[in-house]
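S.K.: Have a look at the structure that comes next, please.
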Amino acid sequence: MKFSTSFFALLSATTSALGAAIVSPTAGQVLSASQPFNLTFASQRIFKESSNKIDVVISQTDGSFPGALVVRDMLATSSDPRDGSAIYTVMVTPQSLCCGGVEGNRTLYVLEDYNAFGGLSGLAMLSIPVTFQ
């Protein structure tokens, strides 16, 4: 599945993820292009909100390659029943990203599809820059 840079720009401008965070890797971190890395995402869906699914996309930072879905339907590894927050952790194996290859500057996107308060559906996106070597 490919995503265009304009899609992510529009998504960034129109959605928010209050309190959510990409815990690992950190922004600017250098990752091995040949070794798996830990991805940890903290969702802060609270009260009457709940995550439906979490997807992860990696794209070239300069926009020359639109992106590749590297994790689909991430599962929560822990949650807090008191407030509904959840932690998602998965080992991601870098793979050939089609025309872009793996090495170089990339942007890692976490897309969270969730049920918002009042039964509405929502989409939140967080992103961080990373480098694969």
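In terms of mature numbering (1 follows the signal peptide of the UniProt record, and there is no 0), the sequence shown is residues -19 to -1, 1 to 114. All C-beta atoms, glycine included, are put in the ideal place defined by N, C-alpha and C.
#1: With a CB to CB cut of under 6 Å and the five nearest residues on each side skipped, what residues in its chain are close to Thr58?
#2: Quick one: give me the first and last residue of the beta strand (DSSP E) that Pro110 is part of.
#3: From Asn33 to Tyr95, what distance separates their C-alpha atoms?
#4: Relative to the C-alpha of Thr74, which residue among Ser66, Thr42, Val37 is closest?
#5: Would you list the one or two residues that DSSP bridges to Gln41?
#6: From Ile27, Ala23, Ala1, Ser45, pick the residue whose C-alpha is nearest to that of Thr88; which is it?
#7: Pop quiz: Ala1 and Ala105 are said to be a contact at Cβ under 8 Å. What is the actual Cβ separation, rounded to whole angstroms?
M.R.: The answer reads as follows:
#1: Here residue 58 refers to the residue found at position 77 of the sequence shown. Cβ neighbours of Thr58 beyond the five flanking positions: Ile68, Thr70.
#2: As a position in the sequence shown, residue 110 is number 129, starting the count at 1. Note, Pro110: beta strand (DSSP E), 102 to 113.
#3: Position 52 of the sequence shown, counting from 1, holds the residue named residue 33. Position 114 of the sequence shown, counting from 1, holds the residue named residue 95. Those two C-alpha atoms are separated by around 5 Å.
#4: As a working mapping, residue 74 is identified with position 93 in the sequence shown. Measuring from the Cα of Thr74, the nearest candidate turns out to be Val37.
#5: Here the question's residue 41 lines up with position 60 in the sequence shown. Arg87, per the DSSP bridge assignment.
#6: Counted from its first residue, the sequence shown places residue 88 at position 107. Nearest option by C-alpha distance: Ser45.
#7: Within the sequence shown, numbered from 1, the residue matching residue 1 stands at position 20. Within the sequence shown, numbered from 1, the residue matching residue 105 stands at position 124. 6 Å between Cβ atoms; contact.
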